[in-house]
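**Q**
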Amino acid sequence: MARWEYWPYYGLENYLYTMPFEAKFNMMESTKWMQENWFHSITSSIAYVISIYIGQKLMESRKPFCLDNLLIAWNFGLALFSLVGVCRMTPELLWSVRENSFEYSICTASFAQGVTGFWTEMFALSKVAEFGDTVFIVLRKRPLLFLHWYHHVTVLVYTWHAYKDHTASGRWFIWMNYTVHAFMYTYYALRAMRKRLPKMAAMMVTILQILQMVGGVFIGINILRIKLSGRACQQTWSNLYFSFTIYFSYFLLFCNFFYCTYLKKGNRYHALLAGGIRNKIQKDGIMEEPSEDKNEENDVAGKVRNHLKRRSLLIVDAFDSIQSAGEIERDVVTASVVKSFRGIVPIISICNVFSILMLSVDKHCNIVLCYAAR
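Structure follows, in C-alpha cells:
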C-alpha cells in the first residue's frame, strides 16, 4: 500500500535548516527494508518477554543494581530525542491541516518523505531502544506492571506494521507520542535525580498519556467513517483494527492506573504508603511511637499531616524515598494496582491475539475484510 511519491508535500525547502542526514534520507530504501523485516518486531517482542522472565529470575537472589546516574542519562537522552522529534514533525503536521485539511492529514502519508520521513524511521527504530526502560526496572528490582511491558510490545509491532504501509494516521500518532514522551522522560529524569516535584506533575504525565489514547481512538473513528463512505484513506483494514484495539486497551489501562494510583481511597497502596511514611518519620526521630490511647493516636496523625505539609513532603516523594530504602516491599506496594488489572487483561489479550493473526494474514494478502467492508 506504500507509495513512492506524494503530492502535495512539505519539502526540504520549507525548513529553515535541514540537517545532512535528513536531506539524505531515502524513503524507498527505508520502506523496502521495513516491508521485508517488519515481522522481526514480533520475534523481538517474544524475545523481550522471555528476557524479562529470565532477568527477574536471575535477580531474585541478587541485590538491586545502583544505576541512578545511568538512568538519569538514559531518561534525559530519550527526552531530548523526543523533543527534537516533535520539533521536526510539528511544521509538517500544521501544514497538512492548515494548507490541506484534517482528512488529508489522516489519509495521505506525505510525511513519509523528507525530514519527517527520517524522523518517522527514527521513531520506529526507537521503539526497540525503549526496551531499555524495562532493563532498568529488572536490574533495579522495581515492580513491573502489565501495563509497562504490554505497552512496549504492542507499540513496537504496531509501529513497524504501520510504517511498512505508510499508514497516514501515523503522522498524528508519531507527533502525539513524541510530545508525550518529551514530558514523560523529562519527568522520569528529574525523579531519578531525586528532585521533589508536586504530585500534580505525576498526574499530568498520566493525563497526557490518557489524552493521547483518546486522540488515537478519535482518529481511528474518523478513518473508519471515511473508508466506509468509499473515500480513499491510506490505512489497511487490518492496521485500522489493530489501531483500535491497542488504543482502546491503552485507554482502559491508563485510566485504571490513574484511578488506582491517584483517586482510589482506602486501598492497600495508600495504607502501606501511610504506614511507610509514619515509620520513616519515627525512624528519623521526628516523632515518638504513638500510644494505644485513641486520642493520642489521633494527635499523632495530626502531627504527621502537619509535618508533611510544612516540609512539603508529597506522597510521590515519600513513596520513592521509602521504596528505595527498602522499607516497603515493592511487590506488595503495587498489589492493589496489579489486582485491578486482572479483569482487563483477558479481554485485551483476546483482542490482540486476533490482531496478530490479522497482521500475519496481511503479510501475504490484503485480507478479506477489505472486500467485506466495501
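If you're matching positions, the sequence shown starts at 1 in full-length UniProt numbering and goes up one per residue.
Think of the CB as a built atom: it goes at the ideal place given N, C-alpha and C, for glycine as much as any other residue.
Tell me whether L272 sits in a helix, a strand or coil according to DSSP, three-state version.
**A** Residue placement at L272 cannot be trusted, given a pLDDT of 48 that sits under 50; what the coordinates show is reported in the next sentence. Helix.
**Q** Nearest by alpha-carbon distance to N239: which of R191, A232, M204, A162 is it?
**A** Of R191, A232, M204, A162, the residue nearest in Cα terms is A162.
**Q** Relative to the C-alpha of W95, which residue among Y247, G11, L211 is closest?
**A** When each option's Cα is compared against that of W95, the closest is G11.
**Q** Nearest to M89 by alpha carbon, out of D133, L71, E22?
**A** It is E22 whose Cα lies nearest to the Cα of M89.
**Q** Can you have a look at S126 and say buried or exposed, based on whether 16 or more other CB atoms are within 10 angstroms of its CB?
**A** It counts as buried.
**Q** Could you tell me whether the Cβ atoms of S41 and W160 are closer together than 8 Å?
**A** Yes, these two residues count as a Cβ contact at 8 Å.
**Q** Is it the case that the Cβ atoms of G216 and F173 are separated by a distance below 8 Å?
**A** Yes, the Cβ-Cβ distance between G216 and F173 is below 8 Å.
**Q** Say whether the stretch 192 to 199 touches the stretch 227 to 245, bearing in mind that this needs 3 or more beta-carbon pairs closer than 8 Å, one atom from each stretch.
**A** Verdict: no, contact absent.
**Q** Please work out which residues of its chain come closer than 8 Å, Cβ to Cβ, to W33, disregarding the five sequence neighbours upstream and downstream, and give them in chain order.
**A** Result list for W33: empty, nothing under 8 Å.
**Q** Since I believe F76 is in contact with A189 (beta carbons under 8 Å), could you give me their beta-carbon distance rounded to a whole number of angstroms?
**A** Confirmed, about 5 Å.
**Q** Of the choices K141, F257, L253, L145, whose alpha-carbon is the least far from that of R62?
**A** That would be K141, whose Cα lies nearest to the Cα of R62.
**Q** Which of the three DSSP states, helix, strand or coil, is assigned to K127?
**A** The answer is helix: DSSP assigns K127 an H, G or I state.
**Q** From F118 to R191, what distance separates their C-alpha atoms?
**A** Rounded to whole angstroms, F118 to R191 spans 31 Å at the Cα level.
**Q** For T206, which residues from the same chain have a beta carbon less than 6 Å from its beta carbon, with the 5 sequence-adjacent residues on both sides left out?
**A** Excluding residues within five positions, the ones whose Cβ falls inside 6 Å are F258.
**Q** When the Cα atoms are used, what is the spatial distance from A109 to Y241?
**A** Roughly 18 Å between the two C-alpha positions.
**Q** Rounding to the nearest angstrom, what Cα-Cα distance links L58 and I221 in this structure?
**A** Each residue's alpha carbon lies about 45 Å from the other.
**Q** Can you give the Cα-Cα distance for C107 and Y250, rounded to whole angstroms?
**A** Distance between the alpha carbons of C107 and Y250: 23 Å.
**Q** Straight-line CA distance for T167 to Y158?
**A** Rounded to the nearest angstrom, the two C-alpha atoms are 10 Å apart.
**Q** Does the Cβ of G85 have 16 or more other Cβ atoms within 10 Å, making it buried, or fewer, making it exposed?
**A** Under this definition G85 is a buried residue.
**Q** With a 10 Å radius around its C-beta and 16 neighbouring C-beta atoms as the bar for buried, classify Q212 as buried or exposed.
**A** Its Cβ being crowded by 16 or more others within 10 Å, Q212 is buried.
**Q** Going by Cα to Cα distance, which pick from E99, N37, Y185 is closest to W74?
**A** Cα-wise, what sits closest to W74 is Y185.
**Q** Helix, strand or coil, according to DSSP, for I35 in the structure here?
**A** It is worth fixing the name first, because residue 35 is Gln in this sequence and not Ile. Q35 falls in the helix class under three-state DSSP.
**Q** Within a Cβ cutoff of 7 Å, which residues of the same chain sit near D68, ignoring the five residues on either side of it in sequence?
**A** Same-chain partners within the cutoff: A192.
**Q** In this structure, how does DSSP classify S312 when only helix, strand and coil are distinguished?
**A** Note that S312 scores a pLDDT of 39, beneath 50, so its modelled location is shaky; the value from the coordinates is reported in the next line. Here S312 sits in coil by DSSP.
**Q** In its own chain, which residues sit with a C-beta less than 7 Å from the C-beta of E60, not counting the 5 before and 5 after it?
**A** Answer for E60: no residue qualifies.
**Q** From V155, K227, I210, pick the residue whose C-alpha is nearest to that of I246; which is it?
**A** Ranking the options by Cα distance to I246, first place goes to V155.
**Q** Pick helix, strand or coil for S44, following the three-state DSSP scheme.
**A** Looking at S44 - three-state DSSP - the assignment turns out to be helix.
**Q** Just to confirm my understanding: we take P20, look at its own chain, exclude 5 residues before and 5 after, and list those with CB closer than 8 Å. What are they?
**A** So the list is empty, once near-sequence residues are dropped.
**Q** Beta-carbon separation of A112 and M176 under 8 Å?
**A** No. Outside cutoff.
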